[in-house]
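As structure tokens, the structure follows; a few thoughts come after it.
There are 2 protein chains.
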Amino acid sequence: MSRSAARISLTLTGWLAALLGAAASACAPQPQSSCVQAPQALLQPAASTPFSLLAAPGASALPTAPAAAEPAGGMWLLNAFPSEQVARKYGFSPTPRWLDHVRLASVRMAGGCSGSIVSPDGLVMTNHHCAHHCIDQLSTAKKNYVETGFTALASKDEVRCPNMELNELVEITDVTQRVNAATQGLTGKQYNDTQKGELSKIEKECASADDVRCDVVSLYHGGLYHLYKYRRFQDIRLVFAPEFSIAFFGGDPDNFMFPRYDLDVSFVRIYDHDKPARMQQYFKWSAEGSKPGELTFIPGHPWSTSRDLTVAELEYVRDQHLPGRLLRLTEARGVLHEFAKRGPEQKRISSATLFGVENGVKALKGRREALLDPALMTSKRAAEQSLRARVAADPALAAEVGGAWDAIAAAQHEAAEIRKPMQQLETGWGFWSDLFGCARALVRSTQELTVPNETRLREYVDSRMPAVKQQILSTAPIYDEFEILTLSLSLSQLREELGVDAPIVKKIFGKQSPQELATALVKGTRLKDLKVRRALLEGGKAAVDASTDPMIELARRMDPDARAIRARYEDHVDAVVKKNSELIAKARFKVYGTSIYPDATSTLRITYGEVKGWQEQGHEVAPITKIGGAFERATGQAPFALPASWLSAKDKLNPATPMNFCTTNDIIGGNSGSPVINKDAEIVGLVFDGNIHSLGGDYAFDASKNRAVALHSAGLLEALDKVYGAKRIRDELAAARGK
Amino acid sequence: MSRSAARISLTLTGWLAALLGAAASACAPQPQSSCVQAPQALLQPAASTPFSLLAAPGASALPTAPAAAEPAGGMWLLNAFPSEQVARKYGFSPTPRWLDHVRLASVRMAGGCSGSIVSPDGLVMTNHHCAHHCIDQLSTAKKNYVETGFTALASKDEVRCPNMELNELVEITDVTQRVNAATQGLTGKQYNDTQKGELSKIEKECASADDVRCDVVSLYHGGLYHLYKYRRFQDIRLVFAPEFSIAFFGGDPDNFMFPRYDLDVSFVRIYDHDKPARMQQYFKWSAEGSKPGELTFIPGHPWSTSRDLTVAELEYVRDQHLPGRLLRLTEARGVLHEFAKRGPEQKRISSATLFGVENGVKALKGRREALLDPALMTSKRAAEQSLRARVAADPALAAEVGGAWDAIAAAQHEAAEIRKPMQQLETGWGFWSDLFGCARALVRSTQELTVPNETRLREYVDSRMPAVKQQILSTAPIYDEFEILTLSLSLSQLREELGVDAPIVKKIFGKQSPQELATALVKGTRLKDLKVRRALLEGGKAAVDASTDPMIELARRMDPDARAIRARYEDHVDAVVKKNSELIAKARFKVYGTSIYPDATSTLRITYGEVKGWQEQGHEVAPITKIGGAFERATGQAPFALPASWLSAKDKLNPATPMNFCTTNDIIGGNSGSPVINKDAEIVGLVFDGNIHSLGGDYAFDASKNRAVALHSAGLLEALDKVYGAKRIRDELAAARGK
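One line per chain: the protein sequences are A and B, in this order.
When we follow the numbering used here, the leftmost residue of the first sequence carries the number 1178, and every step to the right adds one.
When we follow the numbering used here, the leftmost residue of the second sequence carries the number 1178, and every step to the right adds one.
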């Protein structure tokens, strides 16, 4: 899970991102945009209850719930951190100043990962898998940095990533009252339109320049609305990445497993006006890293949890959301595996995508299994019944809120009803193609720019256009053969889902087969040419309307149908769920109080825990692995083959150096790339995964088994020194430590 | 559905068959064998309640249940046919003599299809897709009969199918008392072992020679046991098959759809001592075929329905059975699509498999969607509660039967617990390879033959050995490249499911990757050589034990684990379900009486209905299509491309001739190849599919929408005449009509 959203949203194309609930293709809208959020609500049934049912007093705990001594989990807001709880257990109480420092030294990667600033010169540490797509985009048939790794020996060797964006959270403002005042008394389409308009207005007022990013975020499923103001950095350059084979040693079989032996790290640097950015706040480096039992904090941007969904929403997730996605992903896995056998170049250009697909399969499977555990659903039902009983007992509350659960349940039926056309046409499952993503972004953005900011589709409001432009004008390479492969696969899935005789299917295909249509589109379009994209973007709606480019024509042709199904979804599913979730949030605040954390929503959070193993089928899993273990596990065959650099450095490496470790911190997808820090806010590790039990963390945190999996700071330094001779980075980290 | 089990079980390899619940690889055991039945019970949660809940008095009907005027469905035993019901509605009452004639003119295809004898010289009509695997096996890179079709111009041109078996049901004996007496008072392993022993004994006493096949079949989920005695024919020769492109016109997109325009027919001939077999009973041909509203009967071998399962079993099907299979099938679909792109020969050798996989995906998806319909589950719950209430109200019955539902529910949890190793190791999901199937059959059959008949694994008892031998000694071609493809895919799924560190995984793989292991096994084995297989079979256990063939070694190496998990399954799941299903059957007989049909179990059934369309989203679907419609639907692109023979015969064909039609008969997978007959027992059509609504027929029959889809007899004759000039077959059919 830890990897899933993070890796996927950052490194993969719109299709896969849409499938997994994030989005970042060459031209797809940013994950924060409502284009994605709307489908996402269908992916993840839209928000509802505002607190963790499990943490809520009065809610029954899972049979597997933590013993009293265990940390209870929680992805806490940095401005509402339970310092006293931590102090009681660990004797350390983070101060507001400590928390502000952590906030400013943490970065969000716009595709969905986390990162940490580790030097005053803008050096940022994140995972290899968070930069995988960039490393891939910078590679060619002759220089495959994914395979060989990448080290910039000097500042001038640092290379810009075609579409990476980092954000630093500089300010949080509560705008709940303003948002609620605007939608007071409204429902359905009116509620939705008015709220969207108000959010776009607030964001526009805040985003004074292209290097400021402003998002209104919903917390507690509509219980609170906060305005997050970020510094936006778009010139990010690659500094260091190891070989994929050690970054992801053990591959898919070991993914979400522990013990592990992965060097899943990369360093990038923030540039500002073509120079390394000077950063006020950055994390220092711990001399020794952490030991078993030691207190750990993990700040980062967990992408999404579903702990507060209603039972009806969880059933939708179990029966529709997860199986639908898994079926697409497993087919894609089969196709990609075979495609890679065509030759080394095909293997290279498809590897990052395969990586994301495999990761997605494993993550979603784990989540499905969690929901099939009868204990979990029983507990969720009991908690919901308990809250509903409390509501029913209070006549005033019952009158206002009593119907909310049934309304949300009805919206799930509507969601199931329109699921297929919504996913295929609007969420983009039917069009797995960067070129189509560009075409759609051009068609839509130019059209939306002709209407007032407040009435636009949310992903094209003024405050979000810088991201859209960066995506449209990305220099990332596009490969015809791969585009045809993925587009024809997704088109045939579209035809399968909607039926060969559906009018929209006839409109898309005419008499062509998926393979023919995909080939004609990819071969015929001129959108591969950046100049053509730029001309269309600058020419605006008139230029796009006049275009005879086949990809643009397709995007134009199917857009009315896509917009229609989206409108139906927004008005009859999304609005209903949002409105009624707000009501449940209100009831919850009233019944249980407010001292608990909200579901994750890609906003900055911090979680506390400790270095600790767990009991697995009767035996104890130790919390720290050593470098020597990697050599023992190696078979010489992928994905268990160590790179040549490691094999030749074997004698120099101290086998007893800690390599990976696990902690009880409560993390999830989006935390990939998060630093693990100690109470002195020093870096002791780098999160790159969760264990298999953490996959259920989407629905409930089980402190006895959920574990964050991280690269140990000592193992990282050892590898930088002895394997890579990466003296420049080492010196920079050491200098940072010295200050 | 109509196609699914039928086509799949007949034409596909053991892996796919296992996945879909049938089995017939080169060397896999026959679908009637308990090797398959055990896994099947896991596939299809083992049998439970003995009547259709929907047909049962006191059971609430589905909201979508048929109006009173509609036929209520039902797959009736030929020795318990509701002739009065039919007479009341249609004024025709089938006599025992009429039913005996139908029984003897119907054949079962051992892999899972149905067929009809249509001349005194052993000519048999079935679907193209039921002979697809044979057509494929007879093809080579130079002569691709799947693509070009096949017509034997003279008797000497008829070619033997490498492993096709037909059975004619000659006698039915009730052995319920004998079986029950043997297991009286037993439970668990004792119950299971004793029952298996008794069944093997009964079958052995009955099967006096290799050309007699005897199966004890369970009806009403253990309410009755009947001994079915068949004439067994193993020399079956191909006579006629059209081109795949017209047999399956519309391909996967049109599969389970209607209107349709498919010529899904083939003719084979039964040989006896190298001469066409003389058959006493055969169907004559209707001069005109049937018209809307006309009464139709369909005899055949519906493979399996789940209408009488408990709610706990249906939930298992919904949450574990169907999603698990679908995930494997969609991945296989992706792999096969890509593999076919390697070249024309790869396309040819994989096409029959792809066909089955696509069909399986569509069928299982439809079934899953049926189970996700809240109305269906609500109705099933209500019916179960109603019966349980009746049982609870009768103290004696409650004492004996009251605990049965909970016991079955507990067995489903156990099934979920052991699902992965059971499927991977014993059901064979992990080993998608004909060569491995041969190796396993050799290892197991030679081992089993050393122990008494009554204690053997059920698929290796004496009465079933002829089928095992035919499979082991099959001359069907085996392609290395394809074997490596499928074996490496399934091995990597095995490793994924069981985990890289599981002892059995280490035992299977050592340090090899799935691709390496599959390649080494396929390249290294000598089992492709029929002489080697024969020598091992004849050499018995000593020869197999001494073999150093890598495939035999693998089958030997993993066999103890496979047997152990099977034993756990049989004793803790299968025995519990069978025993308690018998109890529920008893309660049901007592509460509701016995005048209803049992769930389908691959035994001969007959269903009645009429030629009739249905209402689809407000518009009326007409029940008969015309030949001209095929030309209108054609695009020139597969799967909507008509073959050259049709294009050049266009002017000769009468476009108004009926081509396909649909009826209200209640059919399901296994009915593929069934004749549609009128009240004079004349052939008016040939079943080849069901409509999309029929997929839910696994769980409940909805007469307002479920339809059987068939080739019209007039369209078939028109094509034989005008497209294929198949005078010899035409004359034979005409002669049969004349008699």
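Glycine residues also receive a C-beta, built at the ideal position from the N, C-alpha and C atoms.
Please read all numbers here as calculations on a predicted model, not as lab measurements.
Open item on the list: Residues in the same chain with beta-carbon distance under 7 Å from D1277 (chain A), minus the five sequence neighbours each way, listed in chain order, please.
Closed with: Answer for D1277 (chain A): no residue qualifies.
Open item on the list: Taking 7 Å as the threshold (beta carbon to beta carbon), is Q1411 (chain B) in contact with chain A?
Closed with: No, no contact with chain A.
Task: V1445 (chain B): first and last residue of the uninterrupted beta strand (DSSP E) it sits in - done: In the DSSP assignment, V1445 (chain B) falls within the unbroken beta strand (DSSP E) covering S1443 to D1449.
TODO: Assign L1330 (chain A) to buried or exposed, taking buried as 16 or more other Cβ atoms, counted over all protein chains shown, within 10 Å of its Cβ.
DONE: Counting Cβ neighbours within 10 Å, L1330 (chain A) comes out exposed, since fewer than 16 surround it.
TODO: Would you tell me roughly how many angstroms separate the C-alpha atoms of A1384 (chain A) and K1406 (chain A), rounded to the nearest one?
DONE: In a straight line, the C-alpha of A1384 (chain A) is about 8 Å away from that of K1406 (chain A).
- [ ] Starting from the beta carbon of V1512 (chain B), find every residue of chain A whose beta carbon is closer than 8 Å, and list them in chain order.
- [x] In chain order: G1511, V1512, H1514 and E1515.
- [ ] State the CB to CB distance for the pair V1853 (chain A) and T1507 (chain A), rounded to an integer number of angstroms; the pair is presumed to be in contact (CB under 8 Å).
- [x] So it is not a contact: roughly 33 Å between Cβ atoms.
Task: contact_flag[the region 1874–1887 of chain B, the region 1310–1321 of chain B] where n(CB pairs < 8 Å) is 3 or more - done: Put simply, the region 1874–1887 of chain B does not touch the region 1310–1321 of chain B. Fewer than three CB pairs are less than 8 Å apart.
Task: Local conformation of G1251 (chain B) per DSSP, three classes - done: Three-state DSSP puts G1251 (chain B) in coil, outside helix and strand.
- [ ] Could you name the residues of the region 1487–1511 of chain B whose beta carbon sits closer than 7 Å to any beta carbon of chain A, in the order they occur along the chain?
- [x] For the region 1487–1511 of chain B, the residues whose beta carbon sits under 7 Å from a beta carbon of chain A are, in order, D1496, P1500, L1503, L1504, T1507, E1508, A1509, R1510 and G1511.
- [ ] Determine, using beta carbons only, whether T1530 (chain B) comes closer than 7 Å to chain A.
- [x] Proximity of T1530 (chain B) to chain A, defined by a Cβ-Cβ separation below 7 Å, is not satisfied.
Open item on the list: Looking at chain B, is there any beta carbon in it that lies within less than 7 Å of the beta carbon of P1453 (chain A)?
Closed with: The beta carbon of P1453 (chain A) does not come within 7 Å of any beta carbon belonging to chain B, so the residue lies off that interface.
Task: Cβ separation of R1672 (chain B) and F1659 (chain B), assumed to be a contact under 8 Å, to the nearest whole Å - done: That pair is no contact at about 21 Å.
Task: Residue range of the beta strand (DSSP E) that includes L1888 (chain A) - done: From DSSP, the beta strand (DSSP E) with L1888 (chain A) extends over A1885 to H1889.
Task: Interface residues of chain B facing R1285 (chain A) [CB-CB closer than 8 Å] - done: R1285 (chain A) does not reach chain B, its nearest Cβ partner there being about 32 Å away, counting only Cβ pairs nearer than 8 Å.
- [ ] Report the neighbours of S1610 (chain B) on chain A: residues whose CB is nearer than 7 Å to its CB, in chain order.
- [x] Result: empty, since nearest Cβ-Cβ is about 17 Å, beyond 7 Å.
Open item on the list: According to DSSP, is E1909 (chain B) part of a helix, a strand, or is it coil?
Closed with: Helix at E1909 (chain B).
Open item on the list: Among A:T1604, A:D1726, A:G1805 and A:D1334, whose alpha-carbon lies nearest the alpha-carbon of I1413 (chain A)?
Closed with: With distances taken between Cα atoms, I1413 (chain A) lies closest to A:D1334.
- [ ] Check the Cβ of Q1689 (chain A) against every Cβ in chain C and list those closer than 9 Å, keeping chain order.
- [x] As a matter of chain content, chain C is missing from the structure shown, whose protein chains are A and B.
Open item on the list: With a threshold of 7 Å between beta-carbons, can L1694 (chain B) be considered close to chain A, or not?
Closed with: No, no contact with chain A.
Open item on the list: Using C-beta distances below 8 Å, list every residue in its chain close to R1907 (chain B), excluding the 5 sequence neighbours before and after it, in chain order.
Closed with: Only L1894, L1897 and D1898 meet the Cβ criterion.
Open item on the list: For R1437 (chain A), count the other beta carbons within 10 Å of its own beta carbon; 16 or more makes it buried, fewer makes it exposed. Which is it?
Closed with: R1437 (chain A) should be labelled buried.
Task: Residue-level contact to chain A via CB, G1862 (chain B), 7 Å cutoff - done: It does not; no Cβ of chain A falls within 7 Å.
Task: 8 Å Cβ cut-off: residues of chain A touching R1265 (chain B) - done: Result: empty, since nearest Cβ-Cβ is about 38 Å, beyond 8 Å.
Open item on the list: Does any residue of chain B have a CB that is nearer than 7 Å to the CB of L1698 (chain A)?
Closed with: The Cβ of L1698 (chain A) sits no closer than 7 Å to any Cβ of chain B.
TODO: Could you check if G1501 (chain B) is buried or exposed, using at least 16 other CB atoms within 10 Å of its CB as the buried criterion?
DONE: Around the beta-carbon of G1501 (chain B), 16 or more other beta-carbon atoms lie within 10 Å, marking it buried.
TODO: Quick one: residues in its chain with C-beta nearer than 6 Å to the C-beta of Q1214 (chain B), no 5 flanking neighbours on either side, listed in chain order?
DONE: Note that Q1214 (chain B) scores a pLDDT of 25, beneath 50, so its modelled location is shaky; the value from the coordinates is reported in the next line. Excluding positions up to five away in sequence, the list is empty.
TODO: Just the C-alpha distance for T1353 (chain A) and G1400 (chain A), rounded to the nearest angstrom, thanks.
DONE: Approximately 8 Å, taken between the alpha carbons.
Open item on the list: Pairs of beta-carbons, one from the region 1250–1258 of chain A and one from the region 1777–1793 of chain A, closer than 8 Å: are there three or more?
Closed with: In this structure the region 1250–1258 of chain A touches the region 1777–1793 of chain A; the number of beta carbon pairs closer than 8 Å is three or more.
Open item on the list: Looking at chain A, is there any beta carbon in it that lies within less than 7 Å of the beta carbon of V1886 (chain B)?
Closed with: No, V1886 (chain B) lies away from the interface with chain A (no Cβ there is under 7 Å from its Cβ).
TODO: Let me know the alpha helix (DSSP H) ranges lying completely inside the region 1702–1781 of chain B, each 4 residues or longer, listed in chain order.
DONE: For the region 1702–1781 of chain B, the continuous alpha helix (DSSP H) assignments of 4+ residues that do not extend past its boundaries occur at 1707–1723, 1727–1746 and 1752–1769, in sequence order.
TODO: Could you confirm whether any beta carbon from chain B is found closer than 7 Å to the beta carbon of V1301 (chain A)?
DONE: Cβ-Cβ to chain B under 7 Å: no for V1301 (chain A).
Open item on the list: If contacts are defined as beta-carbon pairs under 8 Å, then K1461 (chain A) and R1914 (chain A) qualify, I think. What distance do you get, rounded to the angstrom?
Closed with: The beta-carbon distance between K1461 (chain A) and R1914 (chain A), rounded to whole angstroms, is 5 Å. This is short enough to meet the 8 Å contact definition.
TODO: Determine the DSSP secondary structure at H1590 (chain B), reduced to helix, strand or coil.
DONE: For H1590 (chain B), the secondary structure class from DSSP, reduced to helix, strand or coil, is helix.
Task: Nearest-angstrom beta carbon gap, D1738 (chain B) and I1681 (chain B) [assumed within contact, 8 Å] - done: About 5 Å separates the Cβ atoms of I1681 (chain B) and D1738 (chain B), confirming a contact at the 8 Å cut-off.
Task: G1805 (chain A) beta carbon less than 7 Å from that of P1832 (chain A) - done: For P1832 (chain A) and G1805 (chain A), yes; Cβs fall inside 7 Å.
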